[in-house]
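So the structure is just underneath, and the comments pick up after that.
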Amino acid sequence: MQEAIHMSEKHGDASMLASQINTMGQIYSAQNKLTEAATYFKKSLEINRKNNNYFGTAIALYNIGGIEHKLKNYTKALEYNQESLRLSTKINDRIGVLMVNKSIGLIYKEQNRIDSALYYYKKSFDLAKELNLKNEKLDIYNKYYELYKTTGQLNKSLNYLEKFVLLKDSIYNENRSQQIAEMQTKYNSEKKEKENELLRKNSEIQNLAIAKQTNLRNSFIALSILIILIAIILHSRYKIRKDANDKLYQKNKLIEEQKEELLLKNDKLTEQYNQVKVLNATKDKFFKIISHDLKSPFNSILGFADLLKSHYFSFDDLKRIEMIDDINKSSQLAYELLINLLTWSQTQTGEIKINKEPLVLKELVETCTKLYGQNAVAKNIYIDVHIPNDIILTIDKNAALIFIGNLINNAIKFTLEGGLISIKTTDNENFIRLHIIDNGVGMTPEILDSLFQIDKTITTQGTKNEKGTGLGLILCKEFAEKNGGKIEVSSKVGAGSEFIISLPKHI
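In case it helps, UniProt numbering puts the sequence shown at residues 1 to 507.
Now the structure itself:
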């Protein structure tokens, strides 16, 4: 680089010289040699100003402001950046304006001047949005997230973190789509090349046919003299034609095989693309539960525990018991959600093995009602079980306890105090239909349409503010299907819900 600088000085190329000196400053800045970097940037600024190079001047001012920022000289950093902003605005360098606004916002953020930081972040974000600079939008989302996290505004911080993740996924998907498009273009190009090759071979065949006709015509002219020679020529031409046809057949066969291979690859790409969509939806649900639904009960536990620790003697016994009860409820919610989350993740990775065996249905149901019976007693809910003792199913015991238990627990959550849950069976040829019916709050058609879908967000509260994410119902559906069954649901707001699981009989 020093050699290039000497060459520019020798030839008197001021614009190139200023650019090369600025590059040296950037190299030293990247090595954190700030004094050397500042020297080069200021020299670049001097040359650009002398030659009225406004664009280069704005860049040099921005770079010097960056050095002052790193040195925590915020006043000087703001002066250089503000001057760079005025000059970039004057020459309509919109990307330069965006970058300087972002830098000024960061300086104000480090000075804890939050309103000023937000003002410049917004200006830079508006420009990034207008210019459709997605990577710049991604960086500004991250800066919003860091700012709100620093100020303790966790809801806003989480909101911008979610926007950051969504935009990052969008950029990834666009890149993925572009890769697929490039592969499709390559496939079309190869296909076209094969078609051209086929046309060339057809042309060769036509030329061979023309040559044959010419030879035959010439042979007939000399038929009387060269009858033996004609026979030899005919035999030779027949062999040539046969060899050509054999070669053409082999090449056509090869082209067809390659075509089939390309079609299979295209189908595989489509399948992989669909799998990526499902994995993205699964990942989004997983992170949503971790970042929000699992975080909420732990926040409650930590909050009440901190209150008890810090102000224990400020509360009476009744208030302490109430707070301990809240901690207990939040702990139960977090434990239930964590168990469902771990079980669901095992289903996604194929770690859970299904071992079917003959089991008495009534015993399974009674085990689940005992497991969740305390929750029903707490809400004065009566669970009425009408299942014959002789119904035997061929299913996996652990999976059955999960989906039956989750459905009973779900019914308890959404049944009002003093309500009724009815559990019964009906016979349907090779299947037994298990009905779990409650007279609770019911569900809207919109919620019904979103049940069992991993990419749909369902967050509802029970009749005593019990929280749910819909993950338990997704587990019910997956385990029912893994046992050869299926799950159906009907519901009406204010009238309750009915879940029906069809399970194979033991033969």
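We treat Cβ as the ideally placed atom computed from N, Cα and C, and that holds for glycine.
Asked	Found
So is residue 472 buried or exposed if we call it buried at 16+ other beta carbons inside 10 Å?	buried
For the alpha helix (DSSP H) that contains residue 438, what are its first and last residues?	No alpha helix (DSSP H) holds residue 438; the beta strand (DSSP E) holding it covers 431 to 438.
Taking its Cβ as the centre, do 16 or more other Cβ atoms sit within 10 Å of residue 413, making it buried, or is it exposed?	buried
Which one or two residues does DSSP pair with residue 85 in a beta bridge?	None; residue 85 has no bridge partner.
In angstroms, rounded to a whole number, what distance separates the CA positions of residue 248 and residue 201?	7 angstroms
Helix, strand or coil: which one does DSSP assign to residue 496?	strand
May I ask you to report which of helix, strand or coil DSSP gives residue 529?	It is not possible to answer for residue 529, since the shown part of the chain is limited to 1 through 507.
Determine, using beta carbons only, whether residue 392 and residue 365 come nearer to each other than 8 angstroms.	no
To the nearest angstrom, how far is the alpha carbon of residue 486 from that of residue 261?	37 angstroms
Do you know whose CA, among 390, 439, 356, lies nearest residue 483's CA?	356
Using the C-alpha atoms, what's the distance from residue 149 back to residue 118?	13 angstroms
Hey, how far is the Cα of residue 85 from the Cα of residue 146?	24 angstroms
Could you tell me whether the region 121 to 141 touches the region 94 to 105, where touching means 3 or more Cβ pairs closer than 8 angstroms?	yes
Suppose contacts are defined by Cβ-Cβ distances below 8 angstroms. Is residue 503 in contact with residue 395 by that definition?	yes
Ends of the beta strand (DSSP E) at residue 427?	420 to 428
Output the boundary residues of the alpha helix (DSSP H) element that contains residue 441.	Note, residue 441: premise wrong, no alpha helix (DSSP H); not H, not E.
Taking 7 angstroms as the limit between beta carbons, can you name the residues of its chain near residue 432, skipping five residues before and five after?	361, 391, 393, 425, 503, 505
Would you identify the three-state DSSP class for residue 311, choosing helix, strand or coil?	helix
Hey, quick one: how far does the alpha helix (DSSP H) through residue 126 stretch, first residue to last?	114 to 130
Could you please give me the residues that DSSP links to residue 489 through a beta bridge?	499
Rounded to a whole number of angstroms, what is the C-alpha to C-alpha distance between residue 216 and residue 242?	17 angstroms
Please classify residue 91: is it buried, with 16 or more other beta-carbons within 10 angstroms of its beta-carbon, or exposed?	exposed
Would residue 475 pass as a contact of residue 436 if the rule is Cβ separation under 8 angstroms?	no
Alpha carbon to alpha carbon, how far is residue 207 from residue 245? Give it in angstroms, no decimals.	13 angstroms
Under a three-way DSSP split, which group does residue 291 fall into?	At residue 291 the pLDDT is 49, less than 50, meaning the model places this residue with poor confidence; the figure from the coordinates comes in the next sentence. Helix.
What three-state label does DSSP hand residue 357 in the structure shown?	strand
Here's the rule I'm using: 16 or more other beta-carbon atoms within 10 Å means buried, otherwise exposed. How should residue 236 be labelled?	exposed
Tell me which same chain residues have a C-beta within less than 6 angstroms of the C-beta of residue 441, skipping the five on either side of it?	414
Quick one, which of 138, 409, 45, 55 has its alpha-carbon nearest residue 165's?	138
Where does residue 379 fall in DSSP's three states?	coil
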